[in-house]
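If you read the sequence shown in the numbering used here, its first letter stands for residue 118, the second for the next number, and so on. Notes for the one structure printed next.
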Amino acid sequence: MRGIFNIAGLFTLLFCGSLSAFTDPETHQFTFYGVQVEVQAEKKLKSVVFPDKAISYISVARSLNTMHELKLDETIAQLKIAAKQMALDNVGFMQLMKLYSQRCFPAQTINFRKALVWYGLRQNGTDALVAGSTDYFNVFVVMENSPDGGFSLSHQGKKYVSISNDKYTYSLLEVYKLQLLQDSARAPLQLDVFTTPRLGMDIRYQQRKFEYNDHVFTLNTRYNQHLVNYLNDLPSFRIGSYLYTYQPSDDAQYSLDDSLKYWLRGKTYNDQLTFLLALVQSAFPYKADSDYRAREKRNFVEQTLADKFVDCEDKAALFCYLATKYLSADCVLLYSRSQTHVCCAIELPDKAPGYTFRYLGKPYLVCEPAFEGLKPGETELTQDEILRLEVYN
Numbered sequence: 118m119r120g121i122f123n124i125a126g127l128f129t130l131l132f133c134g135s136l137s138a139f140t141d142p143e144t145h146q147f148t149f150y151g152v153q154v155e156v157q158a159e160k161k162l163k164s165v166v167f168p169d170k171a172i173s174y175i176s177v178a179r180s181l182n183t184m185h186e187l188k189l190d191e192t193i194a195q196l197k198i199a200a201k202q203m204a205l206d207n208v209g210f211m212q213l214m215k216l217y218s219q220r221c222f223p224a225q226t227i228n229f230r231k232a233l234v235w236y237g238l239r240q241n242g243t244d245a246l247v248a249g250s251t252d253y254f255n256v257f258v259v260m261e262n263s264p265d266g267g268f269s270l271s272h273q274g275k276k277y278v279s280i281s282n283d284k285y286t287y288s289l290l291e292v293y294k295l296q297l298l299q300d301s302a303r304a305p306l307q308l309d310v311f312t313t314p315r316l317g318m319d320i321r322y323q324q325r326k327f328e329y330n331d332h333v334f335t336l337n338t339r340y341n342q343h344l345v346n347y348l349n350d351l352p353s354f355r356i357g358s359y360l361y362t363y364q365p366s367d368d369a370q371y372s373l374d375d376s377l378k379y380w381l382r383g384k385t386y387n388d389q390l391t392f393l394l395a396l397v398q399s400a401f402p403y404k405a406d407s408d409y410r411a412r413e414k415r416n417f418v419e420q421t422l423a424d425k426f427v428d429c430e431d432k433a434a435l436f437c438y439l440a441t442k443y444l445s446a447d448c449v450l451l452y453s454r455s456q457t458h459v460c461c462a463i464e465l466p467d468k469a470p471g472y473t474f475r476y477l478g479k480p481y482l483v484c485e486p487a488f489e490g491l492k493p494g495e496t497e498l499t500q501d502e503i504l505r506l507e508v509y510n
């Protein structure tokens with residue numbers, strides 16, 4: 118484990134006297150992906166009754182006002198310090214709030230826990246709202262990176278996405294225009310792709326073998342299981358460049374460097390490109406998510422290094438990461454709706470021969486990480502399908 122963050126002590130140090138605001142405080146402890154988090158809260162918070170049935174604007178507002186009067190903002194301030202210590206973006210802070218609500222308030226209703234998450238998001242500056250009907254209640258947020266699953270509603274010209282995958286007719290919901298914290302937050306949830314969270318350390322090892330030009334290569338990689346678990350628990354995001362620009366752990370990057378910098382040394386650019394493509398094609402076994410998972414899962418690089426099987430978008434994202442890191446290449450992800458298939462393309466210098474298509478006036482070469490044996494520029498897509506590709510950069 119990387120370390121223990123005693124947030125209550127740190128909070129006292131930074132904001133001397135603030136903890137005295139609690140009338141009857143108690144300590145809440147929970148583990149966040151290998152990190153022990155400790156905060157103070159008002160003991161009476163666990164006795165707040167949040168409506169589970171006969172839900173209305175008045176009942177929700179009353180419960181939230183009661184939570185606010187119990188100095189919930191002081192507790193959230195401590196959780197914000199914990200998030201900063203762990204270098205969490207605001208998507209990670211939402212996950213921190215979810216785990217806090219689940220592990221420290223297990224006896225409370227799910228609606229109480231959702232309301233607690235909403236309160237934390239608003240305190241952290243996130244554009245979030247609550248909506249419900251007589252028998253349903255949920256939290257909705259504006260997200261920069263579109264997720265799969267859940268459902269969305271429109272409010273004041275903006276799209277809000279539910280924080281859970283509940284199935285409900287959103288047109289039946291009423292948006293509760295609460296005065297509490299209503300004007301305090303405007304930021305969307307957004308991944309910080311350049312900062313890896315500082316979580317606990319649980320380093321695992323993976324060995325993969327592949328053949329290239331009649332030689333057998335062994336790729337030894339490392340990954341942080343705590344980071345993998347964290348990423349697995351985030352919303353499943355739609356295809357986008359963040360799948361390969363989101364930085365893996367230092368251990369994962371160093372383990373890739375150990376082999377690839379040696380293997381690529383002395384090769385021409387074209388040979389390096391061909392080698393990286395063959396590595397992703399052969400060393401990472403393919404299996405469609407639908408064949409063995411309950412739902413679609415789109416991997417960041419750290420998850421791909423951990424998984425036994427990966428599908429086409431995971432391979433494409435991994436190849437884009439490697440081509441960007443080792444070839445300083447600009448890449449795009451490509452989605453063929455007709456074939457429900459993801460591949461990618463690498464930008465070529467102007468006037469380079471053999472490009473597949475132009476995008477924004479620049480030549481790109483299609484690469485197929487999911488199809489073993491195909492060289493850069495080779496694809497099973499027809500010319501018409503290539504022209505209809507959706508580009509994600």
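Beta carbons: idealized from backbone N, C-alpha and C, even for Gly. As the structure is a prediction and not an experimental result, all values here were calculated from the model.
The beta carbons of Asp244 and Val256 sit about 11 angstroms from each other, so the pair does not count as a contact at 8 angstroms. Using a Cβ distance threshold of 8 angstroms, Asp319 and Asn341 count as a contacting pair.
As the crow flies, the alpha-carbon of Phe327 is around 22 angstroms from that of Asp406. Taking 8 angstroms as the cut-off, the beta carbon of Tyr452 is found no closer than this to the beta carbon of Val427. Only buried fits Gly237, as 16 or more other CB atoms lie within 10 angstroms of its CB.
Looking at the backbone, the Cα of Phe210 and that of Arg303 are separated by about 16 angstroms. A Cβ-Cβ contact shorter than 8 angstroms links Pro365 with Val418. Short of 6 angstroms from the beta carbon of Tyr174, and not among the five residues preceding or following it, lie these beta carbons of its own chain, in chain order: Tyr293.
In this structure Gln307 is in contact with Asp206, their Cβ atoms being roughly 7 angstroms apart against a cut-off of 8 angstroms. In the three-state DSSP reduction, Glu143 falls in the strand class (E or B).
Less than 8 angstroms separates the beta-carbon of Glu191 from that of Ala138. The way I'd put it, the stretch 389-398 does touch the stretch 433-442; three or more beta-carbon pairs between them come closer than 8 angstroms. C-alpha of Ile463 to C-alpha of Ser358: approximately 13 angstroms in a straight line.
In the three-state scheme derived from DSSP, where H, G and I count as helix and E and B as strand, Leu336 is classed as strand. Leu213 sits close to Phe149, with the two beta carbons spaced by under 8 angstroms. With respect to the 8 angstroms criterion, Leu348 and Gln456 are not classified as neighbours on the basis of their beta carbons. Annotation for Val258: no alpha helix (DSSP H) segment contains it, though the beta strand (DSSP E) segment containing it runs Tyr253 to Val258. About 20 angstroms separates the beta carbons of His343 and Cys221, which is beyond the 8 angstroms limit, so they are not a contact pair. If you ignore the 5 residues before and after Ser250, its C-beta comes within less than 6 angstroms of the C-beta of Leu289 and Leu290, all in its own chain and listed in chain order. With 16 or more other CB atoms across the displayed protein chains lying within 10 angstroms of its CB, Phe401 is buried. Nearest to Val166 by alpha-carbon distance, out of Val177, Glu159 and Ala158, is Val177.
A Cβ-Cβ separation of about 19 angstroms leaves Tyr361 out of contact with Thr473 under the 8 angstroms criterion. Counting only runs of 4 or more residues that sit fully inside the stretch 391-445, the alpha helix (DSSP H) segments are 406-409, 418-423 and 429-444, in chain order. Counting the other CB atoms within 10 Å of its CB gives Phe311 a total below 16, which places it among the exposed residues.
Comparing C-alpha distances from Tyr322 to each of Thr338, Val333 and Tyr329 shows the shortest one belongs to Thr338.
Note on Gly471: under 16 other CB atoms within 10 angstroms of its CB, so exposed under the neighbour-count rule. If you ignore the 5 residues before and after Arg230, its C-beta comes within less than 7 angstroms of the C-beta of Ser218, Gln219 and Phe222, all in its own chain and listed in chain order.
With 16 or more other Cβ atoms inside 10 Å of its own Cβ, Gly151 counts as buried.
The Cβ atoms of Leu390 and Leu444 sit closer than 8 angstroms to each other. Contact between Cys437 and Leu450 holds: CB atoms are separated by about 7 angstroms, below the 8 angstroms threshold. Secondary structure of Tyr472 (DSSP, three-state): coil.
In the DSSP assignment, Arg230 falls within the alpha helix (DSSP H) that extends over Ile227 to Gln240. The three-state secondary structure of Asn341, taken from DSSP, is strand. In terms of CA proximity to Val459, Val508 leads the group Val508, Tyr329 and Pro493. Scanning Asp252, Asn262, Asp283 and Glu489 for the CA closest to the CA of Arg415 turns up Asn262.
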